[in-house]
Amino acid sequence: NAGVTQTPKFRILKIGQSMTLQCTQDMNHNYMYWYRQDPGMGLKLIYYSVGAGITDKGEVPNGYNVSRSTTEDFPLRLELAAPSQTSVYFCASSYLAGQGGELFFGEGSRLTVL
Amino acid sequence: GQQVMQIPQYQHVQEGEDFTTYCNSSTTLSNIQWYKQRPGGHPVFLIQLVKSGEVKKQKRLTFQFGEAKKNSSLHITATQTTDVGTYFCAGRAGAGKSTFGDGTTLTVKP
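Put into structure tokens, the structure is as follows:
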């Protein structure tokens, strides 16, 4: 099993450009999450999904959109990129939300907006 | 909304010294998880605590969950250079969402 796979690993965007960060998992997990991590900070939840077709906002959703058409995939869309979106983005998945709901993280996507 | 505070932000120790990081939540938690992130890496799950007053050990690491289920700690005995990294707690109070603390970055001087 590959676990959680994120692409791209690195990307530089110009202000106003758009892009999609891809995330796929092969563990048949229902729950998927997108976090951003700024330097020296913890992980802030952007969006999450409890199953295909269901998504909800986290702590910092502004400037982002998600979709969950399949159990495996949970892409994150950045519209009109801004310097404040420069960060490392982590996708994660879990089988459960409560007990046993450990998060499996991808390796991260480092995004710079200039 | 739910807040999770973690202290200290940084800890520098000599190899062989002990290390402790503390996590405090503004709300009662259903469970708390601990993760380790090596420099340049991604968070990796260490453990989950569920019960009030629970204590779990993993070799030199001891995890505690407070009686009120609002605080937790991670203690490392006799640190080694392999313990270097940032330790995060993540508290879950509602279905499907965990709130992470800002982490404690541990550096170990050989």
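Here the protein sequences come in this chain order: A and B. So for the first sequence, my numbering puts the first residue at 1; every next one is plus one. So for the second sequence, my numbering puts the first residue at 115; every next one is plus one. Note that CB positions come from ideal geometry on N, CA and C, so glycine has one too.
Next item on the list: Could you spell out the range, first to last residue, of the beta strand (DSSP E) harbouring B:R174?
Entry: What you label residue 174 of chain B is simply residue 60 of the second sequence in a count that begins at 1. Annotation: B:R174 is outside any beta strand (DSSP E) and is labelled neither H nor E by DSSP.
Notebook entry, point to check: Which residue comes first and which comes last in the beta strand (DSSP E) that contains B:N138?
Noted result: Mapped onto the second sequence, residue 138 of chain B falls at position 24. It spans F133 to S139 - the beta strand (DSSP E) in which B:N138 sits, taken as one unbroken run.
Check: From A:I12 to B:E181, what distance separates their C-alpha atoms?
Finding: Translated into the one-based positions of the first sequence, residue 12 of chain A becomes position 12. Translated into the one-based positions of the second sequence, residue 181 of chain B becomes position 67. Cα-Cα distance, rounded: 47 angstroms.
Item checked: Residue span of the beta strand (DSSP E) that contains A:S87, given as start and end -> Translated into positions along the first sequence, residue 87 of chain A becomes position 87. That run of the beta strand (DSSP E) goes S87 to S94.
Margin query: Any contact between the segment 150-160 of chain B and the segment 194-209 of chain B? By contact I mean 3 or more CB pairs, one from each, below 8 angstroms.
Written below: Between the segment 150-160 of chain B and the segment 194-209 of chain B there are three or more C-beta pairs closer than 8 angstroms, enough to call the two in contact.
Next item on the list: Answer yes or no: does any C-beta atom of chain B fall closer than 9 angstroms to that of A:G106?
Entry: On the first sequence, residue 106 of chain A is found 106 positions in, with the first residue counted as 1. For A:G106, a Cβ of chain B is located within less than 9 angstroms of the residue's own Cβ.
Margin query: Contact between the segment 86-98 of chain A and the segment 18-34 of chain A is defined here as three or more beta-carbon pairs at a separation below 8 angstroms; is this criterion met?
Written below: Between the segment 86-98 of chain A and the segment 18-34 of chain A, the count of Cβ pairs shorter than 8 angstroms is three or higher; the stretches touch.
Check: What are the boundary residues of the beta strand (DSSP E) that A:G51 is part of?
Finding: Locating residue 51 of chain A in the first sequence gives position 51, where the first residue counts as 1. DSSP places A:G51 inside the beta strand (DSSP E), whose first and last residues are L43 to G51.
Next item on the list: Could you tell me which chain A residues have their CB closer than 8 angstroms to the CB of B:H156, listed as they occur along the chain?
Entry: For the purposes of this step, residue 156 of chain B is identified with residue 42 of the second sequence, where counting begins at 1. Residues of chain A passing the Cβ test: F90, F105, G106, E107 and G108.
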